[in-house]
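Those protein sequences? They're chains A and B, same order as listed. Last residue of the first sequence: 246 (this note's numbering), numbering continuous. Last residue of the second sequence: 202 (this note's numbering), numbering continuous. All C-beta atoms, glycine included, are put in the ideal place defined by N, C-alpha and C. In this text the structure is predicted, and so the values were computed from the model without any measurement. The structure under discussion appears below in the form of structure tokens.
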Amino acid sequence: DAGVTQSPTHLIKTRGQQVTLRCSPKSGHDTVSWYQQALGQGPQFIFQYYEEEERQRGNFPDRFSGHQFPNYSSELNVNALLLGDSALYLCASSLPTPQETQYFGPGTRLLVL
Amino acid sequence: AQSVTQLDSQVPVFEEAPVELRCNYSSSVSVYLFWYVQYPNQGLQLLLKYLSGSTLVKGINGFEAEFNKSQTSFHLRKPSVHISDTAEYFCAVSDHAGGTSYGKLTFGQGTILTVHP
């Protein structure tokens, strides 16, 4: 079992650009959540996808959007990048009920210059 | 809305000593509670979780935590730490208030545990 995988591992962008991050869930999981972890902070919930739809969203602007594919993999898109978007972006997969453990990937470290 | 406060940002301790990492939460509804560990340049790994039942929860690597509803706390303990326990530890909650509860995790700021030889 490969666990949760994310790509790329690192990314450097400039302000105003757009970025797409990818996540493949753990085998058997159909729910994907995305978190942003700024340096020295705890992860913050961005949104969650289930059955190819966003079903819960955190306090993030519309510049942050996502998608889930029929094979349950997911993408996170960020438009009009700001310096403050520099962070570690974590993907977590699980089964769809709140008591289920969320398994995290290693993350994508995004640096915006 | 929930919030989580980890009372210590850094905890230094010597090898084989006991350790307690403190976590308090605030929520208007019932919650599930989690402790995760993050090693440098890695994602988060679940140590243990409290869903219901016994308030003392045992996890991996010899860690345990106790849920105290009256004090809204979920402190993490280990009786004897090892060098390999050096990492950052996060307390998290998710509510289970019904139809709109999907397991969103709210994390604390993290506690860096440093184990010295």
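Thinking C-beta only, is residue j closer than 9 Å to residue i?
i: V200 of chain B; j: I168 of chain B; result: yes
i: Q189 of chain A; j: L223 of chain A; result: no
i: G128 of chain B; j: T164 of chain A; result: no
i: F180 of chain A; j: F193 of chain A; result: yes
i: T241 of chain A; j: S140 of chain A; result: yes
i: S165 of chain B; j: P103 of chain B; result: yes
i: D93 of chain B; j: T196 of chain B; result: yes
i: F237 of chain A; j: A225 of chain A; result: yes
i: T138 of chain A; j: S157 of chain A; result: yes
i: S166 of chain A; j: L190 of chain B; result: yes
Quick one: Cα of residue i to Cα of residue j, how far?
i: Y183 of chain A; j: S227 of chain A; result: 10 Å
i: A135 of chain A; j: S160 of chain A; result: 8 Å
i: N146 of chain B; j: L132 of chain B; result: 8 Å
i: L216 of chain A; j: L244 of chain A; result: 8 Å
i: H162 of chain A; j: Q130 of chain B; result: 16 Å
i: E186 of chain A; j: K163 of chain B; result: 41 Å
i: D180 of chain B; j: P231 of chain A; result: 8 Å
i: Q151 of chain A; j: N210 of chain A; result: 7 Å
i: N153 of chain B; j: L118 of chain B; result: 11 Å
i: Y135 of chain B; j: P176 of chain A; result: 20 Å
i: E101 of chain B; j: A150 of chain B; result: 18 Å
i: Y205 of chain A; j: Q87 of chain B; result: 28 Å
i: L214 of chain A; j: F175 of chain B; result: 28 Å
i: E133 of chain A; j: V178 of chain B; result: The requested residue 133 of chain A does not occur in the structure, where chain A is confined to residues 134 to 246.
i: Q194 of chain B; j: P229 of chain A; result: 26 Å
i: L154 of chain A; j: G173 of chain A; result: 21 Å
i: S115 of chain B; j: S137 of chain B; result: 10 Å
i: R196 of chain A; j: L246 of chain A; result: 17 Å
i: A171 of chain A; j: F99 of chain B; result: 29 Å
i: N212 of chain A; j: L106 of chain B; result: 38 Å
When DSSP labels each residue in this structure, what does residue i get in the three-state scheme?
i: S169 of chain B; result: helix
i: N153 of chain B; result: strand
i: L228 of chain A; result: coil
i: D52 of chain B; result: With chain B running from 86 to 202 in the structure shown, residue 52 of chain B is simply not present.
i: N210 of chain A; result: strand
i: S199 of chain A; result: The sequence shown places Gly at residue 199 of chain A, not Ser. In the structure shown, G199 of chain A sits in a strand (DSSP, three-state: E or B).
i: L172 of chain A; result: coil
i: N109 of chain B; result: strand
i: L141 of chain B; result: strand
i: L216 of chain A; result: helix
Checklist entry - If you pair each beta-carbon of the segment 136-143 of chain B with each one of the segment 104-111 of chain B, do three or more pairs fall below 8 Å? => result no
Next on the checklist: Any C-beta of chain A within less than 7 Å: which residues of the segment 166-181 of chain B qualify?
Outcome noted: F175, S179 and H181
Item to check | the segment 201-228 of chain A: positions lying closer than 7 Å to chain B by Cβ | outcome: L223 and S227
Checklist entry - Taking any Cβ of chain A, which residues in the segment 184-202 of chain B have a Cβ under 8 Å from it, in chain order? => result T185, S186, Y187, G188, K189, L190, T191, F192, G193, Q194 and G195
Checklist entry - Using 8 Å as the threshold, is the segment 149-160 of chain B in touch with the segment 91-111 of chain B, meaning 3 or more CB pairs across them? => result yes
Item to check | the segment 126-140 of chain B: positions lying closer than 9 Å to chain A by Cβ | outcome: N126, Q127, G128, L129, Q130, L131, K134, L136 and S137
Item to check | Residues of the segment 108-124 of chain B whose Cβ lies closer than 7 Å to any Cβ of chain A, in chain order | outcome: Y117
Checklist entry - Taking Cβ-Cβ distances below 9 Å as the criterion, which residues of the segment 154-176 of chain A are in contact with chain B? => result T164, S166, Y168, Q170, G173, Q174, G175 and P176
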